[in-house]
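**Student:**
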Amino acid sequence: MIRIGNASGFYGDRLSAMREQLEGGDLDVLTGDYLAELTMLILGRDRMKDSQLGYAKTFLRQMEDCLALALDKGVKIVVNAGGLNPEGLARKLDQGGLGAKIGYVTGDDLKARFPEALTANAYLGAWEIAECLDQGAQVVITGRVTDASLVVGPSAAHFGWAKNDWDRLAGATVAGHVLECGAQATGGNYSFFTEIDVTKPGFPIAEIDEGGSCLVTKHDGTGGAVTTDTVTAQLLYEIGAPEYLGPDVTTHFDTIRLEQDDRGVRITGTKGSPPPDTLKVCLNTLGGFRNSTTFVLTGLDVEAKAELVKRQLEQAIGKDGLTWTLARTDQKNANTEEQASALLHVTVKTTDPKRAKGFSRAAIELALASYPGFHVTTPPSDGTPFGVYKAAYVHRDEVSAKAVLL
Amino acid sequence: MKRPLGTIAGARSGDKGGDANLGVWVRTEQAYEWLRSFLTTERLKELLPEAGEVSRYELPNLKALNFVLHGLLGDGVAGSTRFDPQAKALGEWLRSREVEIPEELL
Numbered sequence: 016m017i018r019i020g021n022a023s024g025f026y027g028d029r030l031s032a033m034r035e036q037l038e039g040g041d042l043d044v045l046t047g048d049y050l051a052e053l054t055m056l057i058l059g060r061d062r063m064k065d066s067q068l069g070y071a072k073t074f075l076r077q078m079e080d081c082l083a084l085a086l087d088k089g090v091k092i093v094v095n096a097g098g099l100n101p102e103g104l105a106r107k108l109d110q111g112g113l114g115a116k117i118g119y120v121t122g123d124d125l126k127a128r129f130p131e132a133l134t135a136n137a138y139l140g141a142w143e144i145a146e147c148l149d150q151g152a153q154v155v156i157t158g159r160v161t162d163a164s165l166v167v168g169p170s171a172a173h174f175g176w177a178k179n180d181w182d183r184l185a186g187a188t189v190a191g192h193v194l195e196c197g198a199q200a201t202g203g204n205y206s207f208f209t210e211i212d213v214t215k216p217g218f219p220i221a222e223i224d225e226g227g228s229c230l231v232t233k234h235d236g237t238g239g240a241v242t243t244d245t246v247t248a249q250l251l252y253e254i255g256a257p258e259y260l261g262p263d264v265t266t267h268f269d270t271i272r273l274e275q276d277d278r279g280v281r282i283t284g285t286k287g288s289p290p291p292d293t294l295k296v297c298l299n300t301l302g303g304f305r306n307s308t309t310f311v312l313t314g315l316d317v318e319a320k321a322e323l324v325k326r327q328l329e330q331a332i333g334k335d336g337l338t339w340t341l342a343r344t345d346q347k348n349a350n351t352e353e354q355a356s357a358l359l360h361v362t363v364k365t366t367d368p369k370r371a372k373g374f375s376r377a378a379i380e381l382a383l384a385s386y387p388g389f390h391v392t393t394p395p396s397d398g399t400p401f402g403v404y405k406a407a408y409v410h411r412d413e414v415s416a417k418a419v420l421l
Numbered sequence: 727m728k729r730p731l732g733t734i735a736g737a738r739s740g741d742k743g744g745d746a747n748l749g750v751w752v753r754t755e756q757a758y759e760w761l762r763s764f765l766t767t768e769r770l771k772e773l774l775p776e777a778g779e780v781s782r783y784e785l786p787n788l789k790a791l792n793f794v795l796h797g798l799l800g801d802g803v804a805g806s807t808r809f810d811p812q813a814k815a816l817g818e819w820l821r822s823r824e825v826e827i828p829e830e831l832l
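In structure tokens:
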């Protein structure tokens, strides 16, 4: 059995989770997911400002606090915090010393193939992580790998699985999918939250066996709960068809069996089959500039007030790229001013930064010349650039993933 | 009896690029038999009129249905002008819709 914990579900997740997981009980491996589609865009902008950046900076802070503890307890750290610059993060961590053996995974960056994109990264799999661990790495830093690979890699290395052990790989993928969003497996963001205490849910752990089945659990004394319902909720997060495609295996979600156990939830029965020939690529391009504001419409004549301000703003800057939404949050004859108010949201999207900025000026110029009770929730800013996400697919032969030990 | 769907069903939703996914599950086999026949793609569109093209998948082992709402989020999280651009609360919206639930399931 291998005991794998998770300490992060996104870039910005509970900073202390790493320490909580290390101090709360025994683990073999501690993983952390820091990357979402949006995060790649944020890191892409970081990298534009400073080519040394492009990784999740919070991971370095966690390592300053916890690396000695992890080494002392013999817990290996496997994270995708490298983002767009896994080598940079690995070298930065290495400078911090402590003599930890650090490995990183590279090869996901396909910017050369998609030059028009701000970021272009293939979703790599588990085998380079496994290779780093086989070579003795105590910390493994990756860029864009599938979230589940952070769990599949250590499992495959530990048990010496073969690349065609489809059912085993699929079982570990399910464990990885349950873990990848941290507290969302232990009662966080859970529909039936009133039935359990989710004030501070603990982070999840999977005890994976040689056949790929697992027990999802958490450290004793931590909050939240691991039940078939909390695990089902997370299994349903961000999936499509029951054939869940990954770089190492296709996992059949309609074969998963859940069973409540004293210590958590047992997951068995998962079937796998060969993965597709293509790898998914996460592409972020700069789409232009956006700006928005929200007009508050209070009391009588809400529709007419909305019409007036819409007509005024469109006359000032033109209709192009404007999106309007009127939320009728107002109640008749209300006892509070807030409950008497509706919200009119307007967003501009444009390729012209001057238009995004001019939007603010035009909206504010209406302040004494529009509907009665004119005010906005927050004044518009100068506008911000926005990204457009797109998935692409490339043949797996076009991507050469590599494991490197420092 | 008309009750919010969430009286008996849990849900979790999220984003995949410009698509949203919405998983709905119930807690007994009997409730799943009802959910499977009740919550068709057409019914989902009635309950969530903002939905366009929808794919529906059955996961009887989890007593769950998964829906993919294509194109709901436009250009994805960063580019979407939609309220809730990551579709995080789409599931809770669905749970709040009142539907005819057989009394024996309540």
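Residue numbers (my numbering), protein chains in the order written: chain A, 16 to 421; chain B, 727 to 832. Each residue gets a CB set at the ideal place from its N, CA and C atoms; glycine is no exception.
Taking all protein chains shown into account, do 16 or more other C-beta atoms lie within 10 angstroms of the C-beta of T308 (chain A), making it buried, or fewer, making it exposed?
**Tutor:** Counted from its first residue, the first sequence places residue 308 (chain A) at position 293. The residue is buried, with at least 16 neighbouring Cβ atoms inside 10 Å.
**Student:** Only counting the same chain, and skipping five residues up and downstream in sequence, which positions put a Cβ closer than 8 Å to that of D397 (chain A)?
**Tutor:** On the first sequence, position 382 is the one that residue 397 (chain A) refers to. N306, A371, K372 and S375, listed in sequence order.
**Student:** Just grab the DSSP bridge partners of L139 (chain A) for me.
**Tutor:** In the first sequence, residue 139 (chain A) corresponds to position 124, counting from 1. A:V160.
**Student:** Quick one: which chain A residues come within Cβ less than 8 Å of W751 (chain B)?
**Tutor:** As a working note, residue 751 (chain B) is residue 25 in the second sequence. Within chain A, the residues near W751 (chain B) are D244, T247, A248 and L251.
**Student:** Looking only at C-alpha atoms, which of A:I144, A:A115, A:L68 and A:A187 sits nearest to A416 (chain A)?
**Tutor:** On the first sequence, position 401 is the one that residue 416 (chain A) refers to. Of the listed residues, the one whose Cα sits closest to A416 (chain A) is A:I144.
**Student:** Would G191 (chain A) pass as a contact of T285 (chain A) if the rule is Cβ separation under 8 Å?
**Tutor:** As a first step, residue 191 (chain A) must be located in the first sequence, where it is residue number 176. As a first step, residue 285 (chain A) must be located in the first sequence, where it is residue number 270. For G191 (chain A) and T285 (chain A), no; Cβs fall outside 8 Å.
**Student:** Since V280 (chain A) contacts G239 (chain A) with CB under 8 Å, what's their CB separation in whole angstroms?
**Tutor:** Residue numbering aside, residue 280 (chain A) sits at position 265 when the first sequence is read from its first letter. Residue numbering aside, residue 239 (chain A) sits at position 224 when the first sequence is read from its first letter. The Cβ separation is near 13 Å, so there is no contact.
**Student:** For P395 (chain A), count the other beta carbons within 10 Å of its own beta carbon; 16 or more makes it buried, fewer makes it exposed. Which is it?
**Tutor:** Sequence index remark: in the first sequence, residue 395 (chain A) carries index 380 (1-based). By the neighbour-count rule (16 or more Cβ atoms within 10 Å), P395 (chain A) is buried.
**Student:** Among A:P400, A:L194 and A:E210, which one has its Cα closest to the Cα of N21 (chain A)?
**Tutor:** As a working note, residue 21 (chain A) is residue 6 in the first sequence. It is A:L194.
**Student:** When burial is assigned at 16 or more other CB atoms within 10 Å of the CB, is F793 (chain B) buried or exposed?
**Tutor:** As a working mapping, residue 793 (chain B) is identified with position 67 in the second sequence. By the neighbour-count rule (16 or more Cβ atoms within 10 Å), F793 (chain B) is buried.
**Student:** Mind checking if A737 (chain B) is an interface residue toward chain A, Cβ cutoff 8 Å exclusive?
**Tutor:** Position 11 of the second sequence, counted from the first residue, corresponds to residue 737 (chain B). Judged by the 8 Å Cβ criterion, A737 (chain B) is in contact with chain A.
**Student:** If distances are taken between C-alpha atoms only, which option among A:T245, A:I223 and A:S66 comes closest to G98 (chain A)?
**Tutor:** By 1-based counting over the first sequence, the position of residue 98 (chain A) is 83. Among A:T245, A:I223 and A:S66, the Cα nearest to that of G98 (chain A) belongs to A:S66.
**Student:** Entirely within the stretch 181 to 269 of chain A and at least 3 residues each: give me those beta strand (DSSP E) ranges in chain order.
**Tutor:** 219 to 223, 229 to 233, 258 to 260 and 265 to 267
**Student:** DSSP beta-bridge partners for K286 (chain A)?
**Tutor:** The residue given as residue 286 (chain A) occupies position 271 in the first sequence. Per DSSP, A:H267.
**Student:** With DSSP run on the structure shown, which of helix, strand or coil describes Q812 (chain B)?
**Tutor:** Within the second sequence, the letter at position 86 stands for residue 812 (chain B). Looking at Q812 (chain B) - three-state DSSP - the assignment turns out to be coil, as it is neither helix nor strand.
**Student:** Since G255 (chain A) and K742 (chain B) should fall inside the 8 Å C-beta cutoff, what is the C-beta to C-beta distance between them, to a whole number of angstroms?
**Tutor:** Indexing the first sequence from 1 puts residue 255 (chain A) at position 240. Indexing the second sequence from 1 puts residue 742 (chain B) at position 16. The beta-carbon distance between G255 (chain A) and K742 (chain B), rounded to whole angstroms, is 7 Å. This is short enough to meet the 8 Å contact definition.
**Student:** Listed from N- to C-terminal order along the chain, which residues in the stretch 808 to 828 of chain B have their beta-carbon within a distance smaller than 9 Å of any beta-carbon of chain A?
**Tutor:** Taking 9 Å as the Cβ-Cβ cut-off against chain A, the residues of the stretch 808 to 828 of chain B that qualify are R808, F809, Q812, K814, G817, E818 and R821.
**Student:** Just by C-beta distance, which residues in the stretch 254 to 281 of chain A are closer than 9 Å to chain B?
**Tutor:** I254, G255, A256, P257, F268, D269, T270, I271, R272 and L273
**Student:** Identify, in the order they occur along the chain, each residue of the same chain with its Cβ nearer than 6 Å to the Cβ of G802 (chain B), setting aside the five sequence neighbours on each side.
**Tutor:** Locating residue 802 (chain B) in the second sequence gives position 76, where the first residue counts as 1. The answer, listed in chain order, is G743 and G744.
**Student:** Give the range of the alpha helix (DSSP H) segment to which L150 (chain A) is assigned.
**Tutor:** Taking the first sequence and counting its residues from 1, one reaches residue 150 (chain A) at position 135. Leu is not the amino acid found at residue 150 (chain A); the sequence shown has Gln there. Where Q150 (chain A) is concerned, there is no enclosing alpha helix (DSSP H), because DSSP gives it neither an H nor an E.
**Student:** With V409 (chain A) and L260 (chain A) assumed to form a contact (beta carbons below 8 Å), what rounded beta-carbon distance in angstroms separates them?
**Tutor:** Stepping through the first sequence from its first residue, residue 409 (chain A) is reached at position 394. Stepping through the first sequence from its first residue, residue 260 (chain A) is reached at position 245. Between V409 (chain A) and L260 (chain A), the beta carbon gap of about 14 Å keeps them out of contact (Cβ cut-off 8 Å).
**Student:** Do the stretch 85 to 104 of chain A and the stretch 113 to 133 of chain A make contact, defined as three or more Cβ pairs closer than 8 Å?
**Tutor:** yes
**Student:** With a cut-off of 8 Å, does the C-beta of K64 (chain A) fall near any C-beta of chain B?
**Tutor:** To locate residue 64 (chain A), count along the first sequence from 1; it is residue 49. Judged by the 8 Å Cβ criterion, K64 (chain A) is not in contact with chain B.
**Student:** Quick one: using the 10 Å Cβ neighbour count with 16 as the cut-off for buried, is P130 (chain A) buried or exposed?
**Tutor:** Stepping through the first sequence from its first residue, residue 130 (chain A) is reached at position 115. Under this definition P130 (chain A) is an exposed residue.
**Student:** Please list the partners that V780 (chain B) has in chain A, where partner means a Cβ-to-Cβ separation under 9 Å.
**Tutor:** Residue mapping note: residue 780 (chain B) aligns to position 54 of the second sequence, counting from 1. Here the premise fails: no neighbours, minimum Cβ distance about 12 Å.
**Student:** Can you name, in chain order, every residue of its own chain whose Cβ lies under 8 Å from the Cβ of R106 (chain A), other than the five neighbours on each side?
**Tutor:** Locating residue 106 (chain A) in the first sequence gives position 91, counting from the first residue. L421, listed in sequence order.
**Student:** Just how far apart, CA to CA, sit A808 (chain B) and K771 (chain B)?
**Tutor:** For the purposes of this step, residue 808 (chain B) is taken as the residue at position 82 of the second sequence. For the purposes of this step, residue 771 (chain B) is taken as the residue at position 45 of the second sequence. The residue you asked about is not Ala; residue 808 (chain B) is Arg in the sequence shown. Looking at the two C-alpha atoms, the distance is approximately 17 Å.
**Student:** Which of the three DSSP states, helix, strand or coil, is assigned to W760 (chain B)?
**Tutor:** Here residue 760 (chain B) corresponds to residue number 34 of the second sequence, with the count starting at 1. Note: W760 (chain B) maps to helix in three-state DSSP.
**Student:** Comparing the C-beta of L230 (chain A) with each C-beta of chain B, is any distance below 8 Å?
**Tutor:** As a first step, residue 230 (chain A) is located in the first sequence; it is residue number 215 there, counting from the start. By this cut-off, L230 (chain A) is not an interface position.
**Student:** Closer than 8 Å by C-beta to D269 (chain A): which residues in its own chain qualify, once you throw out the five before and the five after it? Chain order, please.
**Tutor:** Here residue 269 (chain A) is taken as the residue at index 254 of the first sequence, counted from 1. So the list reads P257, once near-sequence residues are dropped.
**Student:** Run through chain A and tell me which residues come within less than 8 Å of A777 (chain B), C-beta to C-beta.
**Tutor:** As a first step, residue 777 (chain B) must be located in the second sequence, where it is residue number 51. For a Cβ distance threshold of 8 Å, nothing in chain A lies close to A777 (chain B): the least Cβ distance comes to about 16 Å.
**Student:** Let's test the definition: count the other Cβ atoms within 10 Å of the Cβ of E829 (chain B) and tell me whether it reaches 16, buried, or not, exposed.
**Tutor:** Residue 829 (chain B) sits at position 103 when you count from the first residue of the second sequence. It counts as exposed.
**Student:** Exposed or buried, which one is N136 (chain A) when buried takes at least 16 other CB atoms within 10 Å?
**Tutor:** Translated into the one-based positions of the first sequence, residue 136 (chain A) becomes position 121. So N136 (chain A) ends up on the buried side.
**Student:** Could you check which residue in A:A407, A:G59, A:G118 and A:V403 has the C-alpha nearest to that of G303 (chain A)?
**Tutor:** Taking the first sequence and counting its residues from 1, one reaches residue 303 (chain A) at position 288. Nearest C-alpha to G303 (chain A): A:V403.
**Student:** Taking contact to mean 3 or more Cβ pairs, one atom from each stretch, closer than 8 Å, check whether the stretch 776 to 785 of chain B and the stretch 760 to 768 of chain B are in contact.
**Tutor:** yes
**Student:** Given that a residue counts as buried once 16 or more other Cβ atoms are within 10 Å of its Cβ, and exposed if not, what is D316 (chain A)?
**Tutor:** The count along the first sequence starts at 1 and reaches residue 316 (chain A) at position 301. When all chains shown are included, D316 (chain A) counts as exposed.
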